[in-house]
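All you need for the working numbering is the position in the sequence shown, starting with 1, plus 278.
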Amino acid sequence: MRYLLILSILFFTACEQTFTPKPRGYFNIPFPERKYQVFDMPGYPYTFEYPVYAKITKDTTFFGEKPENPYWINVEFPTLNGKIYMSYKEIGFKNNTLVNLVNDAYKMTLKHTVKADFIDEKDIHTPNGVSGLFYDIGGNAASAKQFFATDSSRHFLRGALYFDAAPNADSLAPVHRFLQEDMWHLVETLKWRQSGE
């Protein structure tokens, strides 16, 4: 009988507690110190500055196909599990008119509208003769940061940031903000090479 009385008291006192769920937590991501180095490979039609905590790899396939030229690269961020896929096209080569290239870049960005909450566009204009658009895509889109840059006559470069993780705008937000600054730095330091340089 004594045990029944103790169990009854415990049961009724336990019912008075309020359950408060803990908010969902995310890992603390330590970001490296910002420092930049120059990508200046001989033969490439462009140069730019990129972070010392990134590495450049040559992109050898595009959806299982060979890229149209050898100037497609990836800027990889191993510690952040991210990668900027950069594709270069020469205006006037094959069917690469400036209008077609801009439309293709826009269509590739619009493919993310299924998961996007918004798409903001910012103009790119640098003293180095580079113009284009930088896209900030909100929501759980696969690629939240994209850009295209051109000189409007010969060069066209497109970049898109992806992570090797499920798209989650909340958990990736700090990394997106951090790498967006690096992407802008890349674009602002981008220079086109003339033939023979």
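Ideal placement from N, C-alpha and C gives every residue a C-beta, glycine not left out.
So, helix, strand or coil for residue i, using DSSP?
i	result
Val380	helix
Ser409	strand
Ser251	Residue 251 lies beyond the stretch modelled for the chain, which goes from 279 to 475, so this question has no answer here.
Lys385	helix
Asp398	strand
Glu517	For residue 517 there is no data in the structure shown, the boundaries of the chain being 279 and 475.
Gln424	strand
Phe371	coil
Thr338	coil
Thr467	helix
When the Cα atoms are used, what is the spatial distance from residue i to residue j?
i	j	result
Ser365	Asp395	26 Å
Met319	Ala444	33 Å
Lys469	Lys389	29 Å
Ala422	Ala332	19 Å
Phe326	Arg455	20 Å
Ala420	Ile351	19 Å
Pro405	Thr467	9 Å
Pro310	Thr357	9 Å
Val316	Asp448	32 Å
Lys400	Leu411	6 Å
Around the Cβ of residue i, are there at least 16 other Cβ atoms within 10 angstroms (buried) or fewer (exposed)?
i	result
Lys385	exposed
Lys367	buried
Phe425	buried
Thr335	exposed
Phe371	exposed
Which residue marks the beginning of the beta strand (DSSP E) containing residue i, and which one marks its end?
i	result
Phe355	351-355
Gly316	Strictly speaking, residue 316 in this sequence is Val, with Gly absent from that position. Its beta strand (DSSP E) spans residues 314-317.
Gly437	433-441
Glu343	That residue, Glu343, is in no beta strand (DSSP E); it is neither H nor E in DSSP.
Confirm, please, whether the CB-CB distance from residue j to residue i is below 8 Å.
i	j	result
Val353	Lys361	yes
Asp442	Asn359	yes
Pro329	Tyr314	yes
Pro408	Ile402	Correcting the residue identity first, residue 408 is Val in this sequence and not Pro. Yes, the Cβ-Cβ distance between Val408 and Ile402 is below 8 Å.
Arg312	Ala383	no
Ile307	Val465	no
Tyr324	His463	no
Ser430	Leu376	yes
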